[in-house]
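S.K.:
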Amino acid sequence: MCGIHAVISPSSSCSSLQELSPDLHQNLLNRGPDYLGQVTRFSSNNAWTLQFTSTVLALRGDHVTKQPLHDANGGDDGSVLCWNGEAWRFNGGVINEHENDGEVIFRELSKARTEEEVMGVWRGCEGPFAFVYFWGGVVLGSIADGGGDWEEVEADGIYSLGLGGEGEIRRHEWIVGGEEFVSSIGVFNKALPSPCGEIPLTSASPSVQALKEQLVESLRLRVLNIPKPPSSGTGKIRVAVLFSGGLDCTALARLCHDIMEPDQEIDLLNVGFENPRVVAQLKKDAKGKEVDFYEACPDRITGRKSFAELRSVCPGRVFRFVAVNVPYSETQAHRQQVISLIHPHNTEMDLSIACALYFAARGQGWVTTEQTSSPASESSPVSYTSPARALLSGLGADELFGGYSRHPAAFQRDGYAGLVDELLLDVRRLGKRNLGRDDRVMAHWGKEVRFPFLDERLVKWAIATPAWEKCDFENGEEKSGVEAGKRVLRLLATELGMEGVAKEKKRAIQFGSRTAKMESGRVKGTTLLS
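With full-length UniProt numbering, the residue at position 312 of the sequence shown is 312, and numbering never jumps.
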């Protein structure tokens, strides 16, 4: 993801424009290492001075697009766009692989003459993005007023700040007349099964094939036509998967094999931590024997097993298992940096999850030549840093398909009515919870995390699909061979030859990688950071 920064100041206080602080300058460059640009504008009444800064991580098109994008002939009040994100589709169509999405959007914005036309351009974008756009004395985007502490602006619309009069901030809805829409995407299907019950969800159910089609299309947009990373040498490694070995991420890796060119290699980033409390217990239990506490992490064990299954099912594809081992001393050395990046999130759980994502995204770990699933049978590991700048995450599958423990609990309490309410709650808060936090810690390394399960068309399909066609809690595991939570995805994994992966249980990243409760077993996830 790119870095964007905008400062709006009264012209009377701007005898000279202030330079970015060294820390802010570096943080922006971390997000966008390929280019840094600045543009200055003045409001039409000269009451305000605006300074825009953009850094670029070039992952779209066949060239590095310099930002901020601006109207070179527009004078001191010409339009400016700082763009951060991905428009996977625009006005219903896929953007040409040789074009940059930011340039396409700015070109369309330049044609707009009214506020409604400008809003129409933004409403035509499908994908995750943030922006600041200066046009006709109005600034649109995610806006903080500069007073007091920083706040995260919810992804619930477009905000505009008028630079005339009192500088009113207004919110514009993404969808006009979409009161029934969930997250401005579609209408949630609240239907309940008939009293006589529905047909059990099996591999032959239409929703399984429909999910495959949705995921394949989502992945095509996210893994094909990625520019060669500057440090990749042959350019064979452009995609990496945040890989715990669980159902969601392994299903993505498996489908990538079907989509990507045969010579493209895929890195699997598997993170494990030295947790002093756990290490002490492991050494005690080992009674003097040597213990590899990284390989004992639950996600490392699952990761090795799923890696072996991937290699078996996908012969000819190079999957590279990258063992990201993080010593306790290194966790402590980066602690304040991670806390700064996740702000204003400030709980122990936020930090535990963010640390796992932060070090996984860095991509520094160990690989072996043979790349077998068992470390005991491998050659000596060698240090390795993944050059991939596009990372895939399985986030969203649990919310869409009923993968959390609270989903069967809701079903046991209130049947499908309770389950539907719980799923609806999860989807409504998807864009308001932790995506910003997670993006900031991973983008720090000049990487872009992509969420195939959160493709807008996939989400629209998922929320329009009845609950029993996604997670069939009414029928036990004996009827389909896999558990009810996320059953539609488990059945897809089975169809793809991943029978072991299809049976993997849900495990939170902070426990699988052992970032949780490093200092004290009594600390709660809700405890505020000190």
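A virtual CB, placed ideally from N, CA and C, is assigned to each residue, including glycine. Here the structure is a predicted model, which is why all the values come from computation and not from measurement.
(1) Which stretch, first to last residue, makes up the beta strand (DSSP E) that contains Val80?
(2) Based on the DSSP secondary-structure assignment, which residues constitute the bridge partners of Phe42?
(3) I'd like the span of the beta strand (DSSP E) that includes Gly162, first residue to last.
(4) Contact between the stretch 270-278 and the stretch 203-222 is defined here as three or more beta-carbon pairs at a separation below 8 angstroms; is this criterion met?
(5) Between Asp101 and the rest of its own chain, which residues show a CB-CB distance below 6 angstroms, the 5 nearest in sequence each way excluded?
(6) Expressed to the nearest angstrom, what Euclidean distance is found between the alpha-carbon atoms of Ser11 and Gln38?
(7) For the beta strand (DSSP E) that contains Ala240, what are its first and last residues?
(8) Using the DSSP secondary-structure output, state which residues sit across from Tyr384 in a beta bridge.
(9) By Cβ distance, which residues of its chain are closer than 6 angstroms to Trp445, with the 5 residues on each side in sequence left out?
(10) Which same chain residues end up closer than 6 angstroms to Arg89 when comparing Cβ atoms and leaving out the 5 residues on each side of it in sequence?
(11) Do you know offhand how far Ala417's Cα is from Leu192's?
(12) With contact counted as at least three CB pairs below 8 angstroms, one residue from each stretch, are the stretch 491-499 and the stretch 471-478 in contact?
(13) What is the DSSP secondary structure of Thr302, reduced to helix, strand or coil?
(14) Please return the same chain residues whose Cβ sits closer than 6 angstroms to the Cβ of His345, not counting the five positions on each side in sequence.
(15) Where do the N-terminal and C-terminal ends of the beta strand (DSSP E) with Phe129 fall, by residue?
(16) Counting beta carbon pairs with one atom in the stretch 445-457 and one in the stretch 25-33, are three or more of them shorter than 8 angstroms?
(17) So, is Gln332 buried or exposed, given that buried needs 16 or more other C-beta atoms within 10 angstroms?
(18) Taking 6 angstroms as the cut-off, is the CB of Glu309 close to at least one heavy atom of the ligand GDP?
(19) From which residue to which residue does the alpha helix (DSSP H) around Val459 run?
(20) Shortest alpha-carbon distance to Ile226 belongs to which of Asp285, Thr250, Glu309, Glu261?
(21) Since Asp267 sits in a beta bridge, which residues does DSSP pair it with?
(22) With respect to the alpha helix (DSSP H) encompassing Arg406, which residues constitute its N-terminal and C-terminal limits?
(23) What does the Cβ neighbour count give for Leu425, buried or exposed, with the cut at 16 atoms within 10 Å?
(24) With a cut-off of 8 angstroms on the beta carbons, I'd call Tyr358 and His334 a contact; round off their distance for me.
(25) How big is the Cα-Cα spacing for Arg41 and Ile237?
(26) Below 8 angstroms, can you find three or more Cβ-Cβ pairs linking the stretch 278-286 to the stretch 246-260?
(27) With distances taken Cα to Cα, identify the nearest neighbour of Pro200 among Lys517, Arg487, Leu109, Lys505.
(28) Run through DSSP, which three-state label would Ala397 get?
(29) Drop a sphere of 10 angstroms on the beta-carbon of Leu161, count the other beta-carbons inside from all chains shown, and report buried for 16 or more, exposed for fewer.
(30) Starting from Ala251 and walking both ways along the alpha helix (DSSP H), at which residues does that stretch end?
(31) On the DSSP bridge list, what partners appear for Glu478?
(32) Within the continuous beta strand (DSSP E) that includes Leu140, where are the two ends?
(33) So what does DSSP say about Gly186, is it helix, strand or coil?
(34) What does a CB cutoff of less than 7 angstroms around Gly146 pick up in its chain, not counting 5 residues either side in sequence?
(35) Do Glu399 and Leu419 have their CB atoms nearer than 7 angstroms?
(36) Quick check: what's the CA-CA separation for Ser44 versus Leu268?
M.R.: From the atom records:
(1) Val80 -> beta strand (DSSP E) spans 80-85.
(2) Answer is Thr49.
(3) 158-162
(4) The stretch 270-278, when compared against the stretch 203-222, does not touch it at the 8 angstroms Cβ threshold.
(5) Within the same chain, Asp101 has close Cβ partners Arg60, Ala87, Ile95.
(6) Taking the straight line from one Cα to the other gives about 18 angstroms.
(7) Residues 237-242.
(8) Gly365
(9) Ala361, Arg362
(10) For Arg89, the CB contacts under 6 angstroms within the same chain, skipping 5 residues up- and downstream, are Glu126 in chain order.
(11) 7 angstroms
(12) no
(13) DSSP places Thr302 within a helical segment (H, G or I) once states are collapsed to three.
(14) Arg437
(15) 129-135
(16) yes
(17) exposed
(18) By its list of ligands, the structure shown contains no ligand whatsoever, and the ligand GDP lies outside what it can speak to.
(19) 456-464
(20) Glu261
(21) Partner(s): Ala240, Arg320.
(22) 406-428
(23) Looking at its Cβ environment, which holds fewer than 16 other Cβ atoms inside 10 Å, Leu425 is exposed.
(24) 7 angstroms
(25) Between Arg41 and Ile237, the C-alpha separation is close to 40 angstroms.
(26) no
(27) Arg487
(28) helix
(29) So Leu161 ends up on the buried side.
(30) That run of the alpha helix (DSSP H) goes 247-259.
(31) Its beta-bridge partners do not exist; DSSP assigns none.
(32) Here the beta strand (DSSP E) through Leu140 covers 138-141.
(33) Strand.
(34) With a pLDDT of only 49 at Gly146, under the threshold of 50, the placement of this residue in the model should not be trusted; the figure read from the coordinates follows. Here the set comprises nothing.
(35) no
(36) 52 angstroms
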